[in-house]
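See structure below.
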Amino acid sequence: EDKVVQSPLSLVVHEGDTVTLNCSYEVTNFRSLLWYKQEKKAPTFLFMLTSSGIEKKSGRLSSILDKKELSSILNITATQTGDSAIYLCAVMNAGNMLTFGGGTRLMVKP
Amino acid sequence: NAGVTQTPKFQVLKTGQSMTLQCAQDMNHNSMYWYRQDPGMGLRLIYYSASEGTTDKGEVPNGYNVSRLNKREFSLRLESAAPSQTSVYFCASSAHRGSMMVAALGEAFFGQGTRLTVV
């Protein structure tokens, strides 16, 4: 059974701080790892990672995959209150099954 | 707007009632999914359909059935609703192709969710 574990469960920081969210996985026939941001409704896509060591970057957010360690991190620099959300990590296996972790709830205080 | 359309947005059921949640996507995606999300938790996979004509159980399939009616539509049925099925349900689709030789296209698109309460 595929499994995705995220840490920490929740995090409270102040604006301007840098945060690192972790995702580890066990999956049969790994295809890709995806990060999502969920505010009040449906998750919205952030990144898809398939290759180890290649950083994906979008503004203040970046993510990297380590296939040897079966993990990924999501970094957010210079956090803003608008970054407050649940961040979800998911893995896709070769059978197209998409399994999510429990999420990290991030709160950014002004 | 193109994307994943999920209906209804809200539903209240009595214990033992049945209902079907509808999901349709117009992006010609191969794979479709049903998840439930409970307060403070991530998304748990109920069922998925890797391609038209196939369906598979996810992590929490008990009490649910699905139908991949065609490439566009994937419905979730609760035959006899129970209070434990009170949750927010999300449908999603993705463009992953079946072949392992083809790089995954990645992104899954989500419907806006159905808030279901079973009393």
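As they're listed, the protein sequences go chains P and V. Just so we're aligned, residue 1411 is where the first sequence starts under this note's numbering, counting upward by one. Just so we're aligned, residue 405 is where the second sequence starts under this note's numbering, counting upward by one. Even for Gly, the Cβ is constructed at its ideal location relative to N, Cα and C. Bear in mind the structure is a predicted one, so any value in this text is a computation, not a measurement.
Extent of the continuous beta strand (DSSP E) to which residue i belongs
i                          : result
aspartate 1427 of chain P  : Run containing aspartate 1427 of chain P: none; DSSP gives neither H nor E here.
isoleucine 1474 of chain P : 1471 to 1476
tyrosine 452 of chain V    : 447 to 453
leucine 1459 of chain P    : 1454 to 1459
arginine 1515 of chain P   : 1514 to 1519
threonine 409 of chain V   : 408 to 411
arginine 468 of chain V    : According to the sequence shown, residue 468 of chain V is tyrosine rather than arginine. Tyrosine 468 of chain V -> no beta strand (DSSP E), and no H or E assigned at all.
threonine 1509 of chain P  : 1508 to 1510
asparagine 1485 of chain P : 1481 to 1486
serine 1417 of chain P     : 1413 to 1417
asparagine 1503 of chain P : 1495 to 1503
threonine 526 of chain V   : The structure shown does not extend to residue 526 of chain V, since chain V is modelled only from 405 through 523, so no value can be given for it.
valine 436 of chain V      : The sequence given here has methionine at residue 436 of chain V, not valine. Residues 435 to 441.
threonine 424 of chain V   : 423 to 429
valine 1437 of chain P     : Segment: none, valine 1437 of chain P is in no beta strand (DSSP E) and carries neither H nor E.
arginine 476 of chain V    : Arginine 476 of chain V -> no beta strand (DSSP E), and no H or E assigned at all.
alanine 512 of chain V     : 512 to 514
Exposure label - residue i; buried when at least 16 CB within 10 Å
i                          : result
alanine 486 of chain V     : exposed
glycine 1492 of chain P    : exposed
proline 1520 of chain P    : exposed
glycine 515 of chain V     : buried
aspartate 1412 of chain P  : buried
asparagine 1439 of chain P : exposed
serine 1462 of chain P     : exposed
methionine 504 of chain V  : Because the pLDDT of methionine 504 of chain V is 35, which lies under 50, any placement of that residue in the model is unreliable, and the question is left without a value.
leucine 1431 of chain P    : buried
arginine 1470 of chain P   : exposed
threonine 419 of chain V   : exposed
Beta-carbon gap between residue i and residue j smaller than 7 Å
i                            : j                         : result
serine 1442 of chain P       : valine 1415 of chain P    : no
valine 492 of chain V        : glycine 517 of chain V    : yes
valine 1518 of chain P       : threonine 1487 of chain P : no
glutamine 1448 of chain P    : leucine 1484 of chain P   : no
threonine 521 of chain V     : valine 416 of chain V     : yes
alanine 428 of chain V       : arginine 472 of chain V   : no
methionine 436 of chain V    : serine 453 of chain V     : yes
leucine 480 of chain V       : valine 470 of chain V     : yes
phenylalanine 513 of chain V : valine 408 of chain V     : yes
Chain V contact residues for residue i, given Cβ-Cβ distances below 8 Å
i                          : result
asparagine 1485 of chain P : Here the premise fails: no neighbours, minimum Cβ distance about 19 Å.
asparagine 1506 of chain P : Asn434, Ser435, Tyr452, Ala454, Ser455, Ser498, His500, Gly502
leucine 1475 of chain P    : Neighbours of leucine 1475 of chain P on chain V: none; closest Cβ ~12 Å, over 8 Å.
Chain V residues whose Cβ lies nearer than 7 Å to that of residue i
i                       : result
alanine 1452 of chain P : Phe494, Phe514, Gly515, Gln516, Gly517
leucine 1516 of chain P : Ordered by position in chain V, no residue passes the 7 Å Cβ test against leucine 1516 of chain P, which lies about 13 Å from the chain.
Chain-ordered chain P contacts of residue i [CB-CB under 8 Å]
i                        : result
leucine 449 of chain V   : Met1507, Leu1508, Thr1509, Phe1510
aspartate 460 of chain V : Gly1505, Met1507
Chain P residues whose Cβ lies nearer than 9 Å to that of residue i
i                         : result
methionine 445 of chain V : Gly1512, Gly1513
9 Å Cβ cut-off: residues of chain V touching residue i
i                       : result
leucine 1498 of chain P : Gly446, Leu447
heavy atom of the ligand MN below 6 Å from residue i C-beta
i                       : result
tyrosine 493 of chain V : Within the structure as shown, the ligand MN is missing, as the structure has no ligands at all.
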